[in-house]
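Trainee: Numbering (the working numbering), first residue to last: -19 to 527.
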Amino acid sequence: MKNQFFFSLLLFIFLASAQSNSQIDYSNITGAKKGEIDTVAFEVSQHLVKQSSGLLEQEIDPDEYILGPNDILTISILSAKPKTVEAIISPDGSIIIPGIGSIDLRNSSLTEAREKIADLVRKYLKVDDCFASLSKMREFKVIVSGAVRKPSIVPATAVDRVSEVIEKAGGFSENASIRSIKILRDNQEKSIFADMMRFFALADKDANPKVLGGDHILVFPKMETEKIELYGEVPQKGSYEYTNGDSLSTLLKFGYGFLESSYLDSVEFARFSKDGKIVNRSFLDLREWRERLYSGEKLPNDFPLQSGDRVYIRKIPDWKKDFYVAIYGEVKFPGLYAINENEVRLSTVLQWAGGFKEDAGIESAVLVRQQELEVEDKEMERLRRIPMSEMSKNERRYFEARVAEQRGVMAINFKNILEDEGSSENILILNKDSIFVPKERDFVNVQGRVNNPGMITYNPNFNYMDYIKQAGGFGFRADDDETFIVKSKGQQFLAKKMNYQIESGDYILVPPEPEITFFEIFTTSLTIATQLMTIFGVVFTIINLKN
């Protein structure tokens, strides 16, 4: 527990310093990014607006749909002489039923309108029944202003939600708050607010209400200082604007719940004072929440959050999942194979893959260890930023050696494994290891300062000079003493030492003689002359002192 405390202390000191400056980013919802104008995304969103215009999420709820000017009602009167009437709600909110009279339907729901119409018809006519239905929805104007791309007055219907109307105004700007959206509505005493985080992450439809004619949607800029933060093993970590009513479960839903690797026995919570000091740290057991977070029921030990609160969820200790090895190329069944790390040997993977094909180049097969590729070489990264001319001799040697290095390639002779599974080269496989088996190449590639460079058919009885003769012999200014052999796995041998065996797929490279420029001769001569003058000066001084 003591170690856990110190680990947590270090963790939150880091978070307090590094993450406190993290910015709230809603680009995954709004599509708006700082300093960028994504014209393609804008065109797509506007196209979707047009496509979805007039479409319904579901059937209209007659208790919730509020009628207004230009809604069209179909009224069916059942009597000895049944008739059907279409009535358009006038700009003053009333309809006229011919031969009966007018009805004021201002601020009436569809259900209320049906009752009013039926009562009026029965008052003047002897009917069996009377029905009214909405046959066409009206369009009206809504004002959109604030942190949107194009503040404007846009058309909308009574089934459009706030988010859809904002898209018609070009969508949110980069600095927009998607949690602080106010709807100003006539004759509405209580303010109406929209919260897109609750709508998209919590599926709270009340947080994205439907609009009415004359609504004014005001999008406020986001408040970077008022935020709550979630980090660790969650699908979407980050900072979110804080609003009244946010709780621990709200924040976790903003992060889209948990991962299988989330360690819920000890979820860390921290609360900070205004001067950035931790005033409350606790470890929460949220194991019950894994299956109940989206159940809709009240969660045990849920509590309201305050601005500045942070939550960190660690990974389950020694979490292991989806360990695999990849094998491709000239094997019968290439692909990914699940493994238990440090339990499966290379020979076993080759058996799973069905063995080598007839034309497999077994000598050229390689195993690449991905874990080695992921190791950071800070010295190499430093040298990459330095011009070669400014490197020291040792730095240049190191840089050139690392550039030429085949990182992650294991030195393995696959033939030895086929002959003896007990070979030391039959190594244990690690997660993300990759095996590639190329096709067998029946040629040797001769390149460089030869008269006819190219590929020459492999002959097991040839040495390197035989292949060079086949390539037309050494060319002009060929440095025959520095000719070298490059094996298929990258090993290099000086050709004249003959401490190797040429195999199919090998390269023979003949470099040119180094050219000595006038500048190099001048520099070398000047250096020698300077050294001689220095020696002469020292000798002359000694002679003078002796005299």
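In this text, a Cβ means the ideal position worked out from N, Cα and C, and glycines have one as well.
Extract the residue ranges of the alpha helix (DSSP H) inside the segment 362 to 415, only unbroken runs of 4 or more that lie entirely within it.
Mentor: Taking only runs of at least 4 residues, the alpha helix (DSSP H) segments lying wholly in the segment 362 to 415 are 373 to 384, 394 to 399.
Trainee: Can you check DSSP and say which residues form a bridge with Tyr304?
Mentor: Taking the sequence shown and counting its residues from 1, the one referred to as residue 304 is at position 324. Ala318.
Trainee: Out of Gln481, Leu164, Pro78, point me to the one whose CA is closest to Asn443's CA.
Mentor: Counting from one through the sequence shown, the residue named residue 443 turns up at place 463. For Asn443, the nearest C-alpha among the options comes from Gln481.
Trainee: Pair every Cβ in the segment 423 to 439 with every Cβ in the segment 448 to 460, then say whether three or more of these pairs are closer than 8 Å.
Mentor: A contact exists between the segment 423 to 439 and the segment 448 to 460.
Trainee: State the beta-bridge partners of Pro135 as determined by DSSP.
Mentor: Residue mapping note: residue 135 aligns to position 155 of the sequence shown, counting from 1. The partner list for Pro135 (beta bridge, DSSP) reads Lys121.
Trainee: Start and end of the beta strand (DSSP E) containing Ser160?
Mentor: Within the sequence shown, residue 160 is the residue found at index 180, counting from 1. That run of the beta strand (DSSP E) goes 156 to 164.
Trainee: For the putative contact between Phe263 and Glu248, defined by C-beta atoms under 8 Å, what is the C-beta separation to the nearest angstrom?
Mentor: Position 283 of the sequence shown, counted from the first residue, corresponds to residue 263. Position 268 of the sequence shown, counted from the first residue, corresponds to residue 248. The pair is a contact, with the Cβ atoms about 6 Å apart (cut-off 8 Å).
Trainee: Alpha carbon to alpha carbon, what distance is there between Arg294 and Ser242?
Mentor: If you number the sequence shown from 1, residue 242 lands on position 262. If you number the sequence shown from 1, residue 294 lands on position 314. Distance between the alpha carbons of Ser242 and Arg294: 6 Å.
Trainee: Between which two residues does the alpha helix (DSSP H) harbouring Ile296 extend?
Mentor: On the sequence shown, position 316 is the one that residue 296 refers to. Unbroken run through Ile296: none, as it is neither H nor E.
Trainee: With burial defined as no fewer than 16 other Cβ atoms inside 10 Å of the residue's Cβ, what is the status of Met177: buried or exposed?
Mentor: In the sequence shown, the residue the question calls residue 177 occupies position 197. Buried: at least 16 other Cβ atoms inside 10 Å.
Trainee: Spell out the partners DSSP gives Ala458 in its beta bridges.
Mentor: The count along the sequence shown starts at 1 and reaches residue 458 at position 478. In the DSSP output, where bridge partners are listed per residue, Ala458 has Pro492.
Trainee: Compare the Cα-Cα distances from Ile415 to each of Ile76, Phe423, Ala306 and report the closest residue.
Mentor: Counting from one through the sequence shown, the residue named residue 415 turns up at place 435. That would be Ala306, whose Cα lies nearest to the Cα of Ile415.
Trainee: Between the alpha carbons of Met478 and Phe464, how many angstroms are there, rounded?
Mentor: Here residue 478 refers to the residue found at position 498 of the sequence shown. Here residue 464 refers to the residue found at position 484 of the sequence shown. For Met478 and Phe464, the distance between alpha carbons rounds to 10 Å.
Trainee: Quick one: using the 10 Å Cβ neighbour count with 16 as the cut-off for buried, is Gly288 buried or exposed?
Mentor: As a working mapping, residue 288 is identified with position 308 in the sequence shown. Buried.
Trainee: Since Cys110 and Ala98 are thought to touch, with beta carbons under 8 Å apart, how far apart are those beta carbons, to the nearest angstrom?
Mentor: The residue given as residue 110 occupies position 130 in the sequence shown. The residue given as residue 98 occupies position 118 in the sequence shown. At roughly 4 Å, the Cβ-Cβ gap stays under 8 Å, so Cys110 and Ala98 are in contact.
Trainee: Rounded C-beta distance between Asp166 and Gly212? I'm assuming under 8 Å.
Mentor: One-based indexing of the sequence shown puts residue 166 at position 186. One-based indexing of the sequence shown puts residue 212 at position 232. Rounded, the Cβ-Cβ distance is 47 Å, inconsistent with contact.
Trainee: Would you call the segment 79 to 95 and the segment 36 to 55 in contact, with 3 or more CB pairs under 8 Å?
Mentor: These segments touch.
Trainee: What is the DSSP secondary structure of Val101, counted as helix, strand or coil?
Mentor: Within the sequence shown, residue 101 is the residue found at index 121, counting from 1. Helix at Val101.
Trainee: How long is the line joining the alpha carbons of Asn66 and Ile52, rounded to whole angstroms?
Mentor: Counting from 1 along the sequence shown, the entry for residue 66 is found at position 86. Counting from 1 along the sequence shown, the entry for residue 52 is found at position 72. Looking at the sequence shown, residue 66 is not Asn but Glu. If you take the alpha carbons of Glu66 and Ile52, they lie about 7 Å apart.
Trainee: On the CB-based measure, 16 or more other CB atoms within 10 Å of its CB, does Met117 come out buried or exposed?
Mentor: Along the sequence shown, read from residue 1 onward, the residue named residue 117 stands at position 137. Label assigned to Met117: buried.
Trainee: Which word fits Lys61, buried or exposed, when buried means at least 16 other C-beta atoms lie within 10 angstroms of its C-beta?
Mentor: Translated into positions along the sequence shown, residue 61 becomes position 81. Exposed, since its Cβ has fewer than 16 Cβ neighbours within 10 Å.
Trainee: Which of helix, strand or coil does DSSP assign to Phe283?
Mentor: By 1-based counting over the sequence shown, the position of residue 283 is 303. Residue state, collapsed to three classes: coil.
Trainee: Does the contact criterion of 3 or more C-beta pairs under 8 Å hold for the segment 254 to 271 versus the segment 308 to 324?
Mentor: Contact between the segment 254 to 271 and the segment 308 to 324 is absent, because fewer than three Cβ pairs lie under 8 Å.
Trainee: Which of the three DSSP states, helix, strand or coil, is assigned to Val142?
Mentor: The sequence position of residue 142 within the sequence shown is 162, counting from 1. DSSP places Val142 in helix when its eight states are reduced to three.
Trainee: So, Glu405 versus Asn411, is the Cβ gap smaller than 8 Å?
Mentor: For the purposes of this step, residue 405 is taken as residue 425 along the sequence shown, with counting starting at 1. For the purposes of this step, residue 411 is taken as residue 431 along the sequence shown, with counting starting at 1. No, the pair does not count as a contact, with Cβ atoms beyond the cut-off.
Trainee: Can you tell me which residues form a DSSP beta bridge with Glu209?
Mentor: Here residue 209 refers to the residue found at position 229 when the sequence shown is read from its first residue. Answer is Ser219, Arg290, bridged to Glu209.
Trainee: Measuring CA to CA, which of Ala181, Gly388, Asn281 is closest to Leu228?
Mentor: One-based indexing of the sequence shown puts residue 228 at position 248. Selected option, being the one with the closest Cα: Asn281.
Trainee: Using DSSP with H/G/I as helix, E/B as strand and the rest coil, what is Ser59?
Mentor: As a working note, residue 59 is residue 79 in the sequence shown. The answer is coil: DSSP assigns Ser59 none of H, G, I, E or B.
Trainee: What distance in whole Å lies between the Cβ atoms of Leu105 and Ile57, which are believed to be in contact at a cut-off of 8 Å?
Mentor: Sequence index remark: in the sequence shown, residue 57 carries index 77 (1-based). Sequence index remark: in the sequence shown, residue 105 carries index 125 (1-based). That belief holds up - the Cβ atoms of Ile57 and Leu105 are roughly 7 Å apart, short of 8 Å.
Trainee: Can Val424 and Ser484 be called in contact, C-beta distance under 8 Å?
Mentor: Counting from 1 along the sequence shown, the entry for residue 424 is found at position 444. Counting from 1 along the sequence shown, the entry for residue 484 is found at position 504. Yes, they are a contact pair.
Trainee: Assign Ala391 to one of two classes, buried (16 or more other C-beta atoms within 10 Å of its C-beta) or exposed (fewer than that).
Mentor: Counting from one through the sequence shown, the residue named residue 391 turns up at place 411. Result: exposed.
Trainee: Could you check if Tyr292 is buried or exposed, using at least 16 other CB atoms within 10 Å of its CB as the buried criterion?
Mentor: Position 312 of the sequence shown holds residue 292. Classification of Tyr292: buried, given that the 10 Å Cβ count is 16 or more.
Trainee: Just confirm the distance between the C-beta atoms of Ala127 and Ala174, as a whole number of angstroms; I'd bet it's less than 8 Å.
Mentor: Counted from its first residue, the sequence shown places residue 127 at position 147. Counted from its first residue, the sequence shown places residue 174 at position 194. Their Cβ separation, rounded to whole angstroms, is 13 Å, which puts Ala127 and Ala174 out of contact at 8 Å.
Trainee: Going by the CB atoms, is the gap between Ala181 and Tyr236 shorter than 8 Å?
Mentor: Along the sequence shown, one-based indexing puts residue 236 at 256. Along the sequence shown, one-based indexing puts residue 181 at 201. Contact flag set, yes.
Trainee: Three or more C-beta pairs under 8 Å: does that hold for the segment 361 to 374 against the segment 314 to 330?
Mentor: Too few Cβ pairs lie closer than 8 Å, so no.
Trainee: Below 8 Å on the Cβ atoms is my guess for Ile342 versus Phe303; work out the distance and round it to an integer in Å.
Mentor: The residue you call residue 342 lines up with position 362 of the sequence shown. The residue you call residue 303 lines up with position 323 of the sequence shown. Not confirmed; about 26 Å, so no contact.
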